[in-house]
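Q:
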């Protein structure tokens, strides 16, 4: 069986100019990065503003498991299938982070015969967006510490600096550090820490900004710390929002690549879904909607995280709700949610499948609660038995949700045709009556309660002493009217990764709240979610190499 990279390296890629022509763009609309990658020029984006938007299809999934769900693969395969049956389609995806690529999760370019290409470029340095975000983030840290060193006119309390440095790798050693050691000329000693780049507020801002002016405005609103009088200090106070915008002026432009089948794909931005909002950029999605009759995009992790944030945070900024939601599930993953160990997944186990179906049912219920049409995509694996497939199809009938098998990993576009036709049918026959799960006028506590009780299925929310104090502070500054970005484990509807399936009666504990005023939301930290992940015992990097001709080896 060929690996993903072997499949990708056998593909004769189209020149990116030919891909652009398929969505009515010319070479003048592009800024080329070699033959197969390009950024879309700002003037082109502005010229598209008056065009009618296509239909938006959001792909999400059940809670992920080590068994695999294949959400990105289905997203790409669905886009290819729609194009295959004559529907002008553009795919909009997030960029991968080097942390998961070199760690355990892998990349974000799909798999098998449903991939975006060139996959090794996209999974590594791509067009430099991640590096630009890292540089802008750390430039702010340097400018902040320099201000404190050079007289501290803003009266910043170094003990209450909340802005962290970042690196686009999993490096647990950097979670908590001391900076400024070595004497007076080396700076002012203080506690600091590193997040992974995709957890930076600058990443979230890049993905939510509508243009350069909006980007600059949002950067200026970043809260970097507090004064000795406990008043917030922003980037605008420091006066460096212009410099940060300058560092990001190229990174904000959407990237154009292609799938194995030559379908146009805009791959741009990559905030994590458990510690950020988990969606690709507003600019990429909006541009795709102007260029295609159908746009297929995804939200990170399960529907309780990525889809909830897409709908409650991204949609109000995008000003366009999905016309349909596709929830990806696998029989393997549902059996794990039903209590089966990973080593026993090849064995037929319908009782476990029935038990694990509760997880899928909850996600279907949640997406319908937003007033959106839902389709279930069963991502087939070779070990799925006929009895298990029939049982899952029957279970979907009991909750009155359309369902289709998909095998795009093995068969590419052909394997997604049934799903593509069903999604089109649902869009044409069912109208979207979108509503968010909470209203912006609600306070933070009520918004968090709404998410926990309505989306997670929990019964209660408790707040640590620190979080309670922060609620009062945020209300004082009017921040309590912002949306909530829940930082929670992706593996469970609860904040305990061991509680699989559809747990009930649990309590979510909010240990800390983090203001992301530039991004325009408040992060609520639960459980043991880390903003700087660590590497596993045997990271994926151990399998990676490059041959004498510069071709990547072992990259999935």
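In UniProt numbering, the protein residues as written are 1 to 556.
Where a beta carbon is used, it is the ideal one built from N, C-alpha and C, also for glycine.
1. For the beta strand (DSSP E) that contains residue 319, what are its first and last residues?
2. What is the DSSP secondary structure of residue 404, counted as helix, strand or coil?
3. Could you name the residues that DSSP lists as bridge partners for residue 460?
4. Among residues of its own chain, excluding the 5 on either side of residue 111, which ones have a beta-carbon nearer than 8 Å to its beta-carbon?
5. Compute the Euclidean distance between the alpha carbons of residue 504 and residue 78, then round it to the nearest angstrom.
6. Are the stretch 319 to 326 and the stretch 93 to 103 touching, with three or more C-beta to C-beta distances below 8 Å?
7. With DSSP as the reference, label residue 345 as helix, strand or coil.
8. Could you pull the start and end residues of the beta strand (DSSP E) that residue 39 belongs to?
9. Grab the span of the alpha helix (DSSP H) containing residue 214 for me, first residue to last.
10. Here's a check: name, in chain order, each residue in its chain whose Cβ is nearer than 8 Å to the Cβ of residue 492, leaving out the five neighbours to either side.
11. With a 10 Å radius around its C-beta and 16 neighbouring C-beta atoms as the bar for buried, classify residue 344 as buried or exposed.
12. Can you tell me whether DSSP reads residue 100 as helix, strand or coil?
13. Which whole-angstrom value is the C-beta distance of residue 447 and residue 512, which I expect to be below 8 Å?
14. Would residue 377 pass as a contact of residue 326 if the rule is Cβ separation under 8 Å?
15. Does the separation of the CB atoms of residue 65 and residue 299 fall below 8 Å?
16. What's the C-alpha gap between residue 310 and residue 434?
17. Are residue 170 and residue 196 close, meaning C-beta to C-beta below 8 Å?
18. Since residue 474 is in the beta strand (DSSP E), which residue starts that stretch and which ends it?
19. Give the straight-line distance between the Cα atoms of residue 375 and residue 526, rounded to the nearest whole angstrom.
20. Thinking just about the alpha-carbon of each residue, which of 455, 458, 470 is nearest to the one in residue 443?
21. Does the contact criterion of 3 or more C-beta pairs under 8 Å hold for the stretch 478 to 492 versus the stretch 532 to 544?
22. State the Cα-Cα distance for the pair residue 519 and residue 284, rounded to the nearest angstrom.
23. To the nearest whole angstrom, what separates the beta carbons of residue 262 and residue 19, a pair I think is in contact under 8 Å?
24. Where does residue 49 land, buried or exposed, given buried means 16+ other C-beta within 10 angstroms?
25. Taking the continuous beta strand (DSSP E) assigned at residue 485, which residues delimit it?
26. Three-state secondary structure (DSSP) at residue 512?
27. Short check: CB of residue 271 to CB of residue 204, under 8 Å?
28. Do you know how far the Cα of residue 290 is from the Cα of residue 430?
29. Tell me the residue span of the beta strand (DSSP E) that contains residue 225.
30. Have a look at the DSSP bridge pairing and note the partners of residue 114.
31. Flag this pair as yes or no: are the beta carbons of residue 432 and residue 373 separated by less than 8 Å?
32. Given residue 188, which residues of its chain have a CB within under 6 Å of its CB, disregarding the five upstream and five downstream residues?
33. Cβ of residue 85 within 8 Å of Cβ of residue 421?
34. Does residue 125 pass the burial test, meaning 16 or more other C-beta atoms within 10 Å, or should it be called exposed?
35. I'd like the list of long-range same chain contacts for residue 460, defined as Cβ closer than 7 Å, with 5 residues on each side in sequence excluded.
36. Could you check whether the stretch 23 to 41 touches the stretch 327 to 340, counting it as contact only if at least three pairs of C-beta atoms, one from each stretch, sit closer than 8 Å?
A: The short version:
1. Premise fails: residue 319 is in no beta strand (DSSP E) and is neither H nor E.
2. Three-state result, residue 404: strand.
3. Beta-bridge partners assigned by DSSP to residue 460: 507.
4. Sequence-distant Cβ neighbours of residue 111 in its own chain, meaning closer than 8 Å and more than five residues away, are 4, 70, 72, 73, 409, 556.
5. Taken atom to atom, the span from the alpha-carbon of residue 504 to that of residue 78 is near 33 Å.
6. Pairwise C-beta distances place the stretch 319 to 326 out of contact with the stretch 93 to 103, as fewer than three of them are shorter than 8 Å.
7. Assignment of residue 345 by DSSP, reduced to helix, strand and coil, places it in the coil class.
8. Its beta strand (DSSP E) spans residues 38 to 40.
9. Start and end: 212 to 220.
10. Spatial neighbours of residue 492 in its own chain (CB-CB distance under 8 Å, excluding positions within 5 residues in sequence) are listed in chain order as 63, 498, 499, 500, 503.
11. Flag for residue 344 reads exposed.
12. Looking at residue 100 - three-state DSSP - the assignment turns out to be helix.
13. Not really, about 16 Å apart at Cβ, beyond 8 Å.
14. Against a cut-off of 8 Å, the Cβ pair of residue 326 and residue 377 comes out as a contact.
15. It is not a contact, given that the beta carbons lie outside the stated cut-off.
16. Cα to Cα, the separation comes out at about 12 Å.
17. Yes. Within cutoff.
18. Here residue 474 belongs to no beta strand (DSSP E); instead the alpha helix (DSSP H) covers 465 to 476.
19. Cα to Cα, the separation comes out at about 30 Å.
20. Relative to the Cα of residue 443, the nearest Cα in the group 455, 458, 470 belongs to 470.
21. Cβ pair count under 8 Å is below three, so no.
22. Put simply, the backbone Cα of residue 519 is about 17 Å away from that of residue 284.
23. With a Cβ gap of about 6 Å, residue 262 and residue 19 count as contacting.
24. Residue burial is scored here from C-beta neighbours: residue 49 has fewer than 16 other C-beta atoms within 10 angstroms and is therefore classed as exposed.
25. Per DSSP, residue 485 belongs to the beta strand (DSSP E) from 484 to 487.
26. It is a strand residue.
27. Yes, the pair counts as a contact, with Cβ atoms nearer than the cut-off.
28. When rounded, the distance between both Cα atoms is 22 Å.
29. If you look at residue 225, you'll find it in the beta strand (DSSP E) that goes 223 to 227.
30. BP columns for residue 114 point to 111.
31. Result yes, Cβ atoms of residue 432 and residue 373 sit closer than 8 Å.
32. Hits under 6 Å: 148, 149, 158, 180.
33. Yes, these two residues count as a Cβ contact at 8 Å.
34. Flag for residue 125 reads exposed.
35. Correct list, in chain order: 507.
36. The stretch 23 to 41 makes no contact with the stretch 327 to 340; the number of CB pairs closer than 8 Å stays below 3.
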